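Each residue of the sequence shown is one higher than the one before, starting from 17 at the first, in the working numbering.
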Amino acid sequence: MYVGSLYIWKNTHRRDHPSTIKKRFLSVFFMSFVSAVVAYVVADRSYFGYETSYWSLIGLRYSGLLEASIWPLLLTMVLFLGPMCLHYNDGGYNTMFDLKLWKYCLTNAVWLRNHVIAPFFEEFTFRACMLPILVPCFGNKYSVIFCPFFFGIAHLHLLSEKLANGALLKVAILQSLFHCAYTTVFGAYSTYLFLRTGHLAAPVIVHAFCNHIGFPDFSQLLTLKQPKKSWLMGCFVAGLLAWMVILKPLTDPNMYAILVLDISLIASHIN
17 MYVGSLYIWK
27 NTHRRDHPST
37 IKKRFLSVFF
47 MSFVSAVVAY
57 VVADRSYFGY
67 ETSYWSLIGL
77 RYSGLLEASI
87 WPLLLTMVLF
97 LGPMCLHYND
107 GGYNTMFDLK
117 LWKYCLTNAV
127 WLRNHVIAPF
137 FEEFTFRACM
147 LPILVPCFGN
157 KYSVIFCPFF
167 FGIAHLHLLS
177 EKLANGALLK
187 VAILQSLFHC
197 AYTTVFGAYS
207 TYLFLRTGHL
217 AAPVIVHAFC
227 NHIGFPDFSQ
237 LLTLKQPKKS
247 WLMGCFVAGL
257 LAWMVILKPL
267 TDPNMYAILV
277 LDISLIASHI
287 N
């Protein structure tokens, strides 16, 4: 339904056209509202404790919000140490403090979709509204598998758009399957963050960051000359190893002001 709502409009423009983005924003806003209602009605409150508020159940609470906005992002930045260093090598951070560029971004429909609209509404629907329903039925570990599976499959709709834009069928299929695969992996990570922190803010901010950085461009890395090539490859490896070491400590539920009957109680099983 979430994906289907994107195609209810009669629109001859491509997905990056402001008109298309505005219409799809209305669609996902409505479907997110529907998802919230379904979660409220269907979620087994007894599993989490009747004292748990609905807002806490979907990860909207004040306690621990600052921590949930900082530590998961820092954790993800460590994982993306290699891509960030590669981006720095290209001079990508030279315009970081350019106010004119920021003004342009904040008024650009594509930028807002990728960094604000998509991260919030996708995480709200596929994490905040879906997990309170999945966890009581399938348990915690299986929910980490099922939830991102739905999230990854939802991105297969891009296949039709690639074909409409003139892409070859074989190329479009391979690109769409690859997109589905890595969004599923990201979905698992995002689900883990939501369950461990009990905050919607954590996966939303991380989602926006990952959209900004993009998938690591390993082909560019291989074209570099030594010693820069080895140095940057070391950054990729170091980032991954460091992330594996600090993953649990930086997602310790106790860091995020978790209440006894909060949804994050289930995080104790994901160790």
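Don't be surprised by glycine CBs; every beta carbon is placed ideally from N, CA and C.
Please read these numbers as outputs of a predicted model, since none were measured by experiment.
Asked: Give me the residue from A218, V201, V94 with the minimum Cα distance to F136.; Found: A218
Asked: Using CA coordinates, which residue listed in D60, I262, R77 is at the minimum distance from F154?; Found: D60
Asked: Hey, quick one: how far does the alpha helix (DSSP H) through K264 stretch, first residue to last?; Found: 244-266
Asked: Please list the terminal residues of the continuous alpha helix (DSSP H) segment that includes K119.; Found: 115-121
Asked: Using DSSP with H/G/I as helix, E/B as strand and the rest coil, what is W270?; Found: First, the residue type needs correcting, since residue 270 is Asn and not Trp in the sequence shown. Helix at N270.
Asked: Check whether the stretch 92-107 and the stretch 221-229 are in contact - that is, three or more C-beta pairs closer than 8 Å.; Found: yes
Asked: Can you list, in chain order, the residues of its chain whose CB lies under 8 Å from that of F231, leaving out five sequence neighbours each side?; Found: Y198
Asked: Around the Cβ of H29, are there at least 16 other Cβ atoms within 10 angstroms (buried) or fewer (exposed)?; Found: exposed
Asked: Residues in the same chain with beta-carbon distance under 7 Å from L240, minus the five sequence neighbours each way, listed in chain order, please.; Found: L248
Asked: Note down, in chain order, each residue of its chain lying with its Cβ closer than 7 Å to the Cβ of H131, except the 5 sequence neighbours on either side.; Found: A224, N227, H228
Asked: Going by C-alpha to C-alpha distance, which of A144, K119, K116 sits closest to V53?; Found: A144
Asked: Return yes when the Cβ of K38 is within less than 9 Å of the Cβ of A134, no when it is not.; Found: no
Asked: CB of A144 to nearest heavy atom of the ligand NAD: below 8 Å?; Found: In the structure on display, the ligand NAD does not appear, and there are no ligands present to speak of.
Asked: At the level of alpha carbons, what is the spacing between F252 and P99?; Found: 7 Å
Asked: With DSSP run on the structure shown, which of helix, strand or coil describes S79?; Found: coil
Asked: Between which two residues does the alpha helix (DSSP H) holding K38 run?; Found: 34-58
Asked: Cα separation between F142 and S43?; Found: 15 Å
Asked: Can you grab the Cα-Cα spacing for the pair A55 / G168, in whole Å?; Found: 20 Å
Asked: Between the stretch 67-78 and the stretch 192-207, do three or more beta carbon pairs fall short of 8 Å?; Found: no
Asked: Among I262, R129, P243, which residue has its Cα nearest to the Cα of P34?; Found: R129
Asked: If you follow the alpha helix (DSSP H) that A217 is in, where does it begin and where does it stop?; Found: 217-229
Asked: Does T123 pass the burial test, meaning 16 or more other C-beta atoms within 10 Å, or should it be called exposed?; Found: exposed
Asked: Quick one: give me the first and last residue of the alpha helix (DSSP H) that K157 is part of.; Found: 156-169
Asked: Closer than 6 Å by C-beta to N270: which residues in its own chain qualify, once you throw out the five before and the five after it? Chain order, please.; Found: none
Asked: Using 8 Å for Cβ pairs, my map puts E177 next to R31. What's the rounded Cβ distance?; Found: 6 Å
Asked: Do L175 and S192 have their C-beta atoms within less than 9 Å of each other?; Found: yes
Asked: Below 6 Å CB to CB, which residues in the same chain sit around T267 once its five sequence neighbours on both sides are set aside?; Found: R212
Asked: Buried or exposed for P164, going by 16 or more other Cβ atoms inside 10 Å?; Found: buried
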